[in-house]
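Q:
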Amino acid sequence: MATLLKTDQLLVTRQDPATRRFARVGTLTFDGGTYTFSYDPTAKRPLPGLPMGKTHQSQTLFPIFAERVIDPHRPERFETLEHLGLPREAGPFEVLAVSGGGRTGDTYELTPLPQRGDVSLPFLVHGVRHLTPGERGAIDLLAPGDRLSLRFEPENPVDDRALLVTQDGGRLGYVPTPLLEYVHEIIKREHDLIVERVNPAEAGLHMRLLVRLVGRYEG
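Numbering (full-length UniProt numbering), first residue to last: 1 to 219.
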C-alpha cells in the first residue's frame, strides 16, 4: 500500500535530551522546485549550515536534511521505502515527512504540518521501545486496514497531552510528540486511525508500525 502524502510544509523540532520535551526549531517547505527553511521565533540555536536571522532558500535540499534521506545508491533504499509505505519514486521531502528524518547522534525530528481541510496523515508510532515484550508482540498480529484507537494519557510524566495508540485497550505506542497539537485538534471530530503497515523487527523499533490518521483539521 503506497503512502501518498500531500504536504508542502514540515515542522522541524529538537528534543531536549534531559527533559525529553520537544521545542520548535523552524519550518521546511517545498513548492516543487525550491526548498525554504525559516526559523521559529522561539528557536535558540542554529542548525549546521543555516545561520539564524534569515530565511534560507535552495533548489536542492539543505545538507542537514539531505543526510537524513537514504541515498538512492544504497542497496537497502527500496526496502526502506517499502517499510515507510512509500513508492519507489518517492522524493526526499516525502521521505522526510513519513520517516521523521531521525538520525543517530542528534535529536531533531521533522513532522508534516496538516493543512486546513481533509487530512490523511501517516506517521510512525513512537515509543515502541517502552512497551512490554507482550505488547510488542501484539504489533505482529496487526494487519493493514485494522482500525486502532487513541487514548489520552494525562498522567504521562513527559507530556500531559500524550496520546496512546491502542487496540482493544492494548498499548501499541504513542503519537509523535511534535504532532500532538494537530492530532488533538483532528480527533475533536469524526476520524479513523488505521494500520498502514507492520514492519518486521529487523526494520528497527522506530519503524515497527506505520499508521494513518484520517479526519479533518480546522486549526
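We put the beta carbon where it would ideally sit given N, CA and C, even for glycine.
Quick check: the Cα distance between residue 58 and residue 75, rounded to an integer number of angstroms?
A: Approximately 28 Å between the Cα atoms of the pair.
Q: Use the C-beta contact count for residue 201: other C-beta atoms within 10 angstroms, 16 or more gives buried, fewer gives exposed.
A: The residue is exposed, with fewer than 16 neighbouring Cβ atoms inside 10 Å.
Q: Over the uninterrupted alpha helix (DSSP H) stretch that includes residue 65, give me the two end residues.
A: Start and end: 63 to 66.
Q: Quick one: what's got a C-beta closer than 8 Å to residue 88's C-beta in the same chain, skipping five residues either side?
A: 78, 81.
Q: Going by alpha carbons, who is nearest to residue 155 out of 170, 163, 148?
A: For the residues 170, 163, 148, the minimum Cα distance to residue 155 belongs to 163.
Q: How do the stretch 124 to 142 and the stretch 41 to 55 stand: do at least 3 beta-carbon pairs fall below 8 Å, yes or no?
A: The stretch 124 to 142 is not in contact with the stretch 41 to 55.
Q: Taking buried to mean at least 16 other C-beta atoms within 10 Å of its own C-beta, is residue 215 buried or exposed?
A: It is buried - the Cβ of residue 215 has at least 16 other Cβ atoms within 10 Å.
Q: Output the distance between the C-alpha atoms of residue 83 and residue 48, rounded to the nearest integer angstrom.
A: Approximately 29 Å between the Cα atoms of the pair.
Q: Do you know offhand how far residue 94's Cα is from residue 28's?
A: Their backbone Cα atoms lie some 12 Å apart in a straight line.
Q: What would DSSP say about residue 76, mapped onto helix, strand or coil?
A: It is coil, neither helix nor strand.
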